[in-house]
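Just below is one structure, and these are the notes that go with it.
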Amino acid sequence: MQIVVQEWERALAYRDGRFEEILGPGRHRRRRRRRRVVRVLIRPRLLVVPGQEVLTADGVAVRVSLTVAVRTVDPRRWFEAVEDADGFVYAALQIGLREAVAGRTLDELLAARGPLADAVRESVVAGAEAVGVAIDSLALRDVMVPPDIRRATSEVAVARAQGQAVLERARSEVAATRALANAARLIAEQPALLQLRTLQAVEAGGATVVLTQGPAGDLGTGIRPA
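Every letter in the sequence shown is one number past the one before it in UniProt numbering, and letter 28, counting from 1, is 28.
Structure (structure tokens):
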């Protein structure tokens, strides 16, 4: 018989129920008698684990989903090890996800998703290799928390922002008071600074400054509109 194997598959040849060889891409000729050929896809495929409801370490029920890219690296093991290799990996992902979520609090889960995905991957990679499957990537798809928890989190965020705004206003007021105190001290030590500052302010406003000399010889200032 003639067997054509595509690039994205491998063919397992069995004779009298015993494994004989793996056929790679190309055209092959084998005797049909007492032989069976099984085709195994090796191109990457996507496994989606829908939302799993799990209790976190602090007792909050969340729904978490995964997206996993896998591929077959050992066609013979994929076909012979278990009846449904992809189903086996899928079940392992569900268990690994539940164990990883149960070991973390809600705050830890929301703060960093990367460590959770890494923990799930580490828990299933050995089992996947045992059935001829490699995990190329694993990503946490969604983390859904109850509505009341979302509302509480939003209120906490608003309160934190308001507190930060109040703190910034207080800092600004303290800085302004400190600047006024420094200015008052300088004026007390150097009275002429007040007159110079007055002249600068008037000049910036476009007014005409008139200098007058008092009886004691002191200079005075007068302001005349421009």
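Every residue, glycine too, gets a C-beta built ideally from N, C-alpha and C.
Query                                                                                                                                                : Result
Could you say which of Ala85, Val37, Trp8 lies nearest to Gly17 if we only look at CA atoms?                                                         : Val37
Mind checking whether Gln92 and Ala139 have CB atoms under 8 angstroms apart?                                                                        : Checking the sequence shown, residue 92 turns out to be Ala, not Gln. No, Cβ-Cβ distance for Ala92 and Ala139 is not below 8 angstroms.
Around the Cβ of Phe88, are there at least 16 other Cβ atoms within 10 angstroms (buried) or fewer (exposed)?                                        : buried
Using CA atoms only, rank isn't needed, just tell me which of Ala69, Gln52, Ala126 is closest to Leu97.                                              : Gln52
If you follow the alpha helix (DSSP H) that Val145 is in, where does it begin and where does it stop?                                                : Careful: Val145 lies outside any alpha helix (DSSP H) and carries neither H nor E.
Could you tell me the alpha carbon to alpha carbon distance between Leu219 and Ala192, rounded to whole angstroms?                                   : Annotation note: pLDDT 49 at Leu219 (below 50); position unreliable, no value reported.
Look at the alpha carbon of Arg45 and the alpha carbon of Val101, and state the distance between them as a whole number of angstroms.                : 25 angstroms
Counting Cβ pairs closer than 8 angstroms, one from the region 70-88 and one from the region 4-15, do we hit at least three?                         : yes
Quick check on Ala13: does DSSP put it in helix, strand or coil?                                                                                     : strand
Just the C-alpha distance for residue 231 and Pro75, rounded to the nearest angstrom, thanks.                                                        : Because the chain in this structure spans residues 1 to 226, residue 231 falls outside the shown range and cannot be described.
By alpha-carbon positions, which one of Val166, Asp136, Asp84 ends up nearest to Val125?                                                             : Asp136
Thinking just about the alpha-carbon of each residue, which of Arg33, Glu7, Arg34 is nearest to the one in Leu23?                                    : Glu7
For Val64 and Asp142, which I take to be in contact (beta-carbon distance under 8 angstroms), what is that distance rounded to the nearest angstrom? : 7 angstroms
My guess is that Asp58 and Leu106 are in contact by the Cβ rule of under 8 angstroms, so how many angstroms apart are they, rounded?                 : 6 angstroms
Below 8 angstroms on the Cβ atoms is my guess for Val54 versus Val68; work out the distance and round it to an integer in Å.                         : Not confirmed; about 17 angstroms, so no contact.
Judging by CA-CA distance, which residue of Ala181, Met1, Arg121 is the nearest neighbour of Val70?                                                  : Arg121
Is Leu47 near Asp86, with beta carbons less than 8 angstroms apart?                                                                                  : yes
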